[in-house]
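J.: Dropping a structure here in structure tokens format, bear with me for questions.
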Amino acid sequence: MNQKILTLLKGDLGRLLVLVGIFLFFAILVPEGRFARIGNVESILVQSSVVALAAIGATLVIVSAGIDLSVGSVIALTVVVIGKVLEDVESPGLLLPVFAVLMGVVVATVCGGVNGVMVTRLGMVPFVVTLSTMQIFRGAASGLARESNIYTSRTWINGMMDPVAGNADRSWMLMPPAVWLTLFCAVAVMLLLRYSRLGRHMVAVGSNEETARLCGVPVKRVKCWVYLLAGLFAGLAGMLQFSYLNMGAPTTAQGYELRVIAAVVIGGGSLRGGEGTIAGTLIGALIIGVLFVGCSQMRWENWLQTVVTGCIIAIAVLVDRLRHRQGERHH
Amino acid sequence: MSVLLEMNQVEKSFGATRALDGISLSVRAGTVHALVGENGAGKSTLMKVLSGAHVADAGSMRLEGEPYHPRNPLHARASGISMIYQELSLAPHLTITENIFLGVETGTRGWLKLKEMRRKAVAVMERAGLNGVSPETLIRDLSMAQCQQVEVARALASGCRVLVLDEPTSSLTKTDVDLLFERIREWRSAGIGIVYISHFLEEVEEIADDCTVICDGRVVKSAPMSAWTRERMIDAMVGRDVGELYPASNRSVGETVLTWTGPETSIELKRGEVLGIAGLIGSGRTEFLQSLFALRPVLDGDVTVKGVSGLDTPAESWSRGMGFLSEDRKREGLALTRTITENITLSKLPCWSKPSTRDALAKLWVDPLSIKCAHVSSRVESLSGGNQQKVALARLLHHDADVWLLDEPTRGVDVGAKSRIYQVLNQWTEGKPGRPPCAVIVVSSYLPELLGICDRIAVMNRGQLRSIRPRSDWTEHTLMKEAVE
């Protein structure tokens, strides 16, 4: 029995406790109890949702033993594409923003497809492929925006991240649409990963690619799907980022790829493949979100936030290593 | 009984090496056919041809009377031929069920029918002998024996008619071996043809109905077990002459430089002495050599090098004058994409030096070892296997090591390079003014080599080092007998 609890503690339950611990830490330290207020919790959730959504896609990539460094650039490209469609339109109405979002997400998915094709058909290493497309997509975003921000009028897209708490018209939603979208995607991918052939093949490819090939798993097709889906979720994250910024900013989401990878790794993903869960990734994204909001409300300087995040990643990986070493000793 | 699988005059060459020289093999339904031979005799090449991993140069195969030309392992599996390799091929992060049905899952529109798969998995797991384990267990939580059973379950689920077991007992305990044999008998009575590859002759005697011995890519003899005795098998395995490849040496023994004191045996290695270690692959020879060099911890026993015991790291071993040559030249022994100079000088490099100085240091060894290369700044991967091995050996000479630990020093090396390596071994163990004689330990699977170059030979058997005797006391036959019993 004790053993069982211990295993759980080392898994997602343990991560949840760490999340709660960090939250309580700030709840106690931030003056006047401002941190634990419902409005603040909501804003943490909303701010985490961009990273969380992109990290859902990145979980698939990392589970299949790949890596995607182009996430931040894809988010920026999506933001710019949406901005470009809505540029100079005074009253966009309902349908034009729908079209804009569609365009943005399609472009992002194509970007993912490009990564997938380069990895599988050209046989290049994922790290190098996405390192190069990270530059290419970022450059494309800058070019499309002519290296300046594209200002747009307010549309329903911006409503996705508006607070619900204390707003009588919207309180029926319980949480802002951005958070609902993230949860919906998380559940969908969880089901995909657990119950679909494609999902199990993704884990198999990450766990032992040779075996997967020997058993007739279409390794290349599986990998293509992985990067395609990673692009799709980066696109959705880009939509949320646009909602937050309300303009097409080509320089946005710099370094998000690292935050996204950090969320997956804190959530138990292994860069060697085969490991990583959507639940863990969501907790990982929330831990990063709580840290960012907490540090800024403590008025700690930026550099300190960065150092703290780095330490959390190192600790998460260390805990995982210890857990694995124990597993080996068991054999 | 009807013939299930027939291989006829199968030939396969790799470059100039003739791995299979017209091998014929026929496996009857409902029997166990043992395939026996020394390391490198061609067993694994033959099985790779059978499983579609290699395509034969010539010859034909028939499965149940129909022509059989496997394109790849997947095709072979679909045709009814499954292999259980020594290195198991399972995905550690997936469950037993998922591994059994990997690539052939049942489902509708991409969503898996988990219950159905689980039900089928339990059925084949039972036939494979994997009882009392949940089909939802992750592979990484299973023991080696259980993993092997999962592989067998996978083969049974794919409806295999020929099951190839490659050294299935090498990582099993005695109890697990007995259980495996019980299962093999069940599969046999179910009409499956089993090809059983093993070094352990007593296992072959116990389980096989037929036995084929191969040597140097040819069938020495194929016959029912009743026609074999253990002695005859050993004779068939080693049937060849020791040539003039091994030069005579007039070295003489000096003081002790390395002492190994184990729980059951101890060895004193002296200057001017070549000690051979024979044994099968997987018997622990490499691990023993690595422990002497502090590449892995010594669990039980003590290593003393020139009066100092308890060396902790390979770096300390190098600094005490030990040198190690890995059996795996491509992965451990050499940095293939770097130059000859870099590879030779890696272990002993001045703090600051010009590239030309380093090249000059490396060049010293090009002639004595007759390394054929355009320049010492050529990449090692551009050299032939034999020259690569000479570069690996040159590192020990450059380092001025006088205790050499050589693991398979002539594996995959042509005759010319072999002969040169033996000459160097002789020169350095004889010593000369200013250079005391070296002491050498050689691990080799090739028995004529050990008999040709060593002064004493020890045999490693299942992790135990035993019977250290002078060369003159050994023959290939007795060495092989000691190794397989």
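Going line by line, the protein sequences match chains P and X. Residue 838 is where the first sequence starts when you use this note's numbering, and the numbers rise one by one after that. Residue 9 is where the second sequence starts when you use this note's numbering, and the numbers rise one by one after that. Don't be surprised by glycine CBs; every beta carbon is placed ideally from N, CA and C.
(1) Going by alpha carbons, who is nearest to Glu1046(P) out of Leu110(X), Leu455(X) and Lys380(X)?
(2) With 16 as the cutoff for other CB atoms within 10 Å, does Gln1(X) come out buried or exposed?
(3) Taking Leu82(X) as the query, report the chain P residues whose CB atoms sit under 9 Å from its CB, ordered along the chain.
(4) Any residues in the region 112-139 of chain X with a beta carbon nearer than 8 Å to a beta carbon of chain P? Which ones, in chain order?
(5) Give the DSSP-derived three-state secondary structure of Leu173(X) in the structure shown.
(6) Name, please, each residue of chain X whose Cβ falls closer than 9 Å to the Cβ of Ala1041(P).
(7) Give every residue of the same chain whose Cβ lies closer than 6 Å to the Cβ of Gly950(P), excluding the five residues on either side of it in the sequence, and list them in chain order.
(8) List, in chain order, every chain X residue whose beta-carbon is nearer than 9 Å to that of Arg1058(P).
(9) Taking Cβ-Cβ distances shorter than 8 Å, what residues in chain X pair up with Tyr1032(P)?
(10) Please return the same chain residues whose Cβ sits closer than 6 Å to the Cβ of Glu484(X), not counting the five positions on each side in sequence.
(11) For Ser1044(P), go through chain X and note every residue whose CB falls closer than 8 Å to its CB, in chain order.
(12) Does DSSP classify Val250(X) as helix, strand or coil?
(13) Return yes when the Cβ of Ala37(X) is within less than 7 Å of the Cβ of Ser59(X), no when it is not.
(14) By the three-class DSSP mapping on this structure, what secondary structure does Ile496(X) have?
(15) Among Trp360(X), Lys398(X) and Val57(X), which one has its Cα closest to the Cα of Val374(X)?
(16) Following the continuous alpha helix (DSSP H) through Lys314(X), name the residue where it begins and the one where it ends.
(17) For Glu281(X) and Gln156(X), I'd like the C-alpha separation in whole angstroms.
(18) Closest Cβ-Cβ distance between Gly1111(P) and chain X: below 7 Å?
(19) Rounded to the nearest angstrom, what separates Arg337(X) and Gly309(X) at their Cα positions?
(20) Could you give the distance in angstroms between the alpha-carbon of Glu494(X) and the alpha-carbon of Ser910(P)?
(21) When you compare only the Cα positions, how much space is there between Gln497(X) and Ile202(X)?
(22) What are the complete alpha helix (DSSP H) segments, minimum 4 residues, inside the region 1038-1119 of chain P?
(23) Pairing CB atoms from the region 410-418 of chain X with CB atoms from the region 321-336 of chain X, are three or more of them under 8 Å?
(24) For Ile1154(P), which residues of its own chain have a beta-carbon under 8 Å away from its beta-carbon, when the five flanking residues on both sides are left out?
(25) Going by C-alpha to C-alpha distance, which of Arg1158(P), Ser985(P) and Ala902(P) sits closest to Met1084(P)?
(26) So, under 8 Å CB-CB, Ala1071(P) and Val916(P) are touching, yes? Tell me the CB distance rounded to an integer number of Å.
(27) State the Cα-Cα distance for the pair Thr183(X) and Pro176(X), rounded to the nearest angstrom.
(28) Between Ile200(X), Pro78(X) and Gln435(X), which lies nearest to Ala173(X) when the distance is taken from Cα to Cα?
(29) Can you pull the DSSP bridge partners for Gly201(X)?
(30) Could you tell me which residues DSSP pairs with Asn469(X) in its beta bridges?
(31) Is Ala37(X) helix, strand or coil when you go by DSSP?
(32) Pick helix, strand or coil for Glu272(X), following the three-state DSSP scheme.
(33) Taking 8 Å as the cut-off, does the region 1010-1030 of chain P touch the region 915-934 of chain P (at least 3 CB pairs, one atom from each stretch)?
(34) Use the C-beta contact count for Cys1061(P): other C-beta atoms within 10 angstroms, 16 or more gives buried, fewer gives exposed.
(35) Are the CB atoms of Ser990(P) and Glu793(P) within a distance shorter than 7 Å?
T.: To lay it out plainly:
(1) On the first sequence, position 209 is the one that residue 1046(P) refers to. For Glu1046(P), the nearest C-alpha among the options comes from Leu110(X).
(2) The first residue shown for chain X is 9 and the last is 493, placing residue 1(X) beyond what the model contains.
(3) To locate residue 82(X), count along the second sequence from 1; it is residue 74. Residues of chain P passing the Cβ test: Arg1050, Leu1051, Cys1052 and Gly1053.
(4) Val112, Glu113, Gly115, Gly118, Trp119, Leu120 and Leu122
(5) Translated into the one-based positions of the second sequence, residue 173(X) becomes position 165. Residue state, collapsed to three classes: strand.
(6) Position 204 of the first sequence, counted from the start, is the residue given in the question as residue 1041(P). Neighbours of Ala1041(P) on chain X, chain order: Ala99, His101, Leu102, Glu106, Asn107, Leu110 and Gly111.
(7) Locating residue 950(P) in the first sequence gives position 113, counting from the first residue. Closer than 6 Å at the Cβ level, and outside the excluded window around Gly950(P), lie Leu1065.
(8) Residue numbering aside, residue 1058(P) sits at position 221 when the first sequence is read from its first letter. Simply none; closest approach about 12 Å.
(9) For the purposes of this step, residue 1032(P) is identified with residue 195 of the first sequence, where counting begins at 1. By Cβ distance, chain X contributes Trp119, Leu120 and Leu122.
(10) Along the second sequence, read from residue 1 onward, the residue named residue 484(X) stands at position 476. If we look at Glu484(X) and ignore the five residues flanking it on each side, its Cβ neighbours are Val246 and Leu455.
(11) As a position in the first sequence, residue 1044(P) is number 207, starting the count at 1. By Cβ distance, chain X contributes Ala99, Pro100, His101 and Leu102.
(12) The count along the second sequence starts at 1 and reaches residue 250(X) at position 242. Low confidence applies here, because Val250(X) scores a pLDDT of 43, under 50, leaving its location unreliable; read the following figure in that light. DSSP places Val250(X) in coil when its eight states are reduced to three.
(13) Locating residue 59(X) in the second sequence gives position 51, counting from the first residue. Locating residue 37(X) in the second sequence gives position 29, counting from the first residue. No, these two residues do not count as a Cβ contact at 7 Å.
(14) Residue coverage of chain X in this structure runs from 9 to 493, which leaves residue 496(X) outside it and unanswerable.
(15) Stepping through the second sequence from its first residue, residue 374(X) is reached at position 366. Closest by alpha carbon: Lys398(X).
(16) Counting from 1 along the second sequence, the entry for residue 314(X) is found at position 306. That residue, Lys314(X), is in no alpha helix (DSSP H); it is neither H nor E in DSSP.
(17) Numbered from its first residue, the second sequence carries residue 281(X) at position 273. Numbered from its first residue, the second sequence carries residue 156(X) at position 148. So the two alpha carbons sit approximately 43 Å from each other.
(18) On the first sequence, residue 1111(P) is found 274 positions in, with the first residue counted as 1. Answer yes: the Cβ-Cβ gap between Gly1111(P) and chain X drops below 7 Å somewhere.
(19) Counted from its first residue, the second sequence places residue 337(X) at position 329. Counted from its first residue, the second sequence places residue 309(X) at position 301. Cα to Cα, Arg337(X) sits roughly 28 Å from Gly309(X).
(20) Shown here, chain X extends from 9 to 493; a query on residue 494(X) therefore has no answer.
(21) Here chain X has residues from 9 to 493 only, and residue 497(X) is not among them.
(22) 1046-1051, 1056-1082 and 1093-1103
(23) yes
(24) Residue numbering aside, residue 1154(P) sits at position 317 when the first sequence is read from its first letter. According to the sequence as given, residue 1154(P) is Val; it is not Ile. The answer, listed in chain order, is Val1102.
(25) In the first sequence, residue 1084(P) corresponds to position 247, counting from 1. Ranking the options by Cα distance to Met1084(P), first place goes to Ser985(P).
(26) Taking the first sequence and counting its residues from 1, one reaches residue 1071(P) at position 234. Taking the first sequence and counting its residues from 1, one reaches residue 916(P) at position 79. Between Val916(P) and Ala1071(P) the Cβ distance is about 11 Å, and since that is not below 8 Å, they are no contact.
(27) To locate residue 183(X), count along the second sequence from 1; it is residue 175. To locate residue 176(X), count along the second sequence from 1; it is residue 168. Rounded to the nearest angstrom, the two C-alpha atoms are 13 Å apart.
(28) By one-based count along the second sequence, residue 173(X) stands at place 165. Ala is not the amino acid found at residue 173(X); the sequence shown has Leu there. Minimum Cα distance to Leu173(X) is reached at Ile200(X).
(29) As a working note, residue 201(X) is residue 193 in the second sequence. DSSP output for Gly201(X) lists Val170(X) as bridge partner(s).
(30) On the second sequence, residue 469(X) is found 461 positions in, with the first residue counted as 1. Its beta-bridge partners are Gln472(X).
(31) For this step, residue 37(X) is matched to residue 29 along the second sequence. DSSP places Ala37(X) in coil when its eight states are reduced to three.
(32) Numbered from 1 along the second sequence, position 264 holds the residue referred to as residue 272(X). If DSSP states are grouped into helix, strand and coil, Glu272(X) belongs with coil.
(33) no
(34) Position 224 of the first sequence holds residue 1061(P). It counts as buried.
(35) There is no way to answer for residue 793(P), as the model of chain P reaches only from 838 to 1168.
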